[in-house]
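Residues 607 to 759, numbered by the working numbering, are exactly what the sequence shown covers, in order.
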Amino acid sequence: MALIFLLFSFQALASDPCENTGERFTFGEEPLASKLYEAAKNTELGAWEDGEFWQERFYYLGSVVAGSQELYVTYIDTSWGASSCRGTWRLIFFTKGFKQYAQYYAIAKPRVIGNSLDFSKGEREKTTIDISKGLPDFMNDGNDYFPIRKKQP
């Protein structure tokens with residue numbers, strides 16, 4: 607009986623997932639990853655405001671040349687909503703000047719291999735996208751197609 611009481615007591619004291627605690631995590635080569643995350647915090651549809659999410663994971667995935675543009679490839683995975691524990695995902699490209707160039711919303715996280723994005727975890731198909739000629743208007747992550755949201759010409 608005491609064990610059951612302890613289990614219920616522990617459960618009551620543990621924090622609930624997806625409460626708006628605003629935990630932030632950065633992954634990737636430093637200090638570049640942190641600089642890019644700061645840039646994401648200052649862009650429209652980039653990082654979330656403090657206190658409006660549970661956890662936000664920012665990934666610096668690498669750099670690519672897309673057309674004539676050298677770009678940093680980043681990914682943000684945000685968990686939010688105390689009652690629903692939802693997720694928001696964004697693949698964001700930044701210029702070497704830390705300005706947002708483009709983004710794809712709700713897409714899976716790729717691996718950067720050379721000038722290609724590898725979506726090897728797609729449920730329906732495995733997709734590798736060569737972006738050396740530029741970013742496509744629609745990107746297939748192996749599950750669905752996602753439109754580009756360009757920020758700079």
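From the three backbone atoms N, C-alpha and C, an ideal C-beta is built for every residue, glycine too.
Computed from a predicted model, the values in this text were never measured in an experiment.
message: I need the boundaries of the alpha helix (DSSP H) containing Leu-723, first residue and last residue.
response: Counting along the chain, Leu-723 falls outside any alpha helix (DSSP H), though it belongs to the beta strand (DSSP E) covering 722–725.
message: Can you tell me whether Glu-636 is helix, strand or coil according to DSSP?
response: In the structure shown, Glu-636 sits in coil (DSSP, three-state: anything other than H, G, I, E or B).
- request: Whole angstroms is fine: what's the gap from Tyr-751's alpha carbon to Ala-646's?
  value: 23 Å
query: With 16 as the cutoff for other CB atoms within 10 Å, does Phe-744 come out buried or exposed?
result: exposed
query: Is the CB of Ser-726 under 7 Å away from at least one CB in chain B?
result: Absent from the structure is chain B; it holds one protein chain and no more.
query: Within this structure, are the beta carbons of Asn-721 and Ile-698 separated by less than 7 Å?
result: no
message: On a Cα-Cα basis, can you pick out the residue from Ser-674, Phe-725, Leu-667, Phe-700 that is closest to Arg-755?
response: Phe-700
task: To the nearest angstrom, report how far apart Tyr-665 and Glu-636 are at their CA atoms.
output: Looking at the two C-alpha atoms, the distance is approximately 11 Å.
- prompt: Quick one: what does DSSP say Glu-731 is sitting in, helix, strand or coil?
  reply: coil
Cβ separation of Gln-570 and Ser-685, assumed to be a contact under 8 Å, to the nearest whole Å: Here the chain comprises residues numbered 607 to 759, so residue 570 is not present and cannot be evaluated.
- prompt: Would you call the CB atoms of Tyr-681 and Leu-642 closer than 7 Å?
  reply: no
field: Backbone CA spacing between Ala-618 and Glu-629 [nearest angstrom]
entry: Its pLDDT being 39, under 50, Ala-618 is placed unreliably in this model, and the coordinates cannot settle the point.
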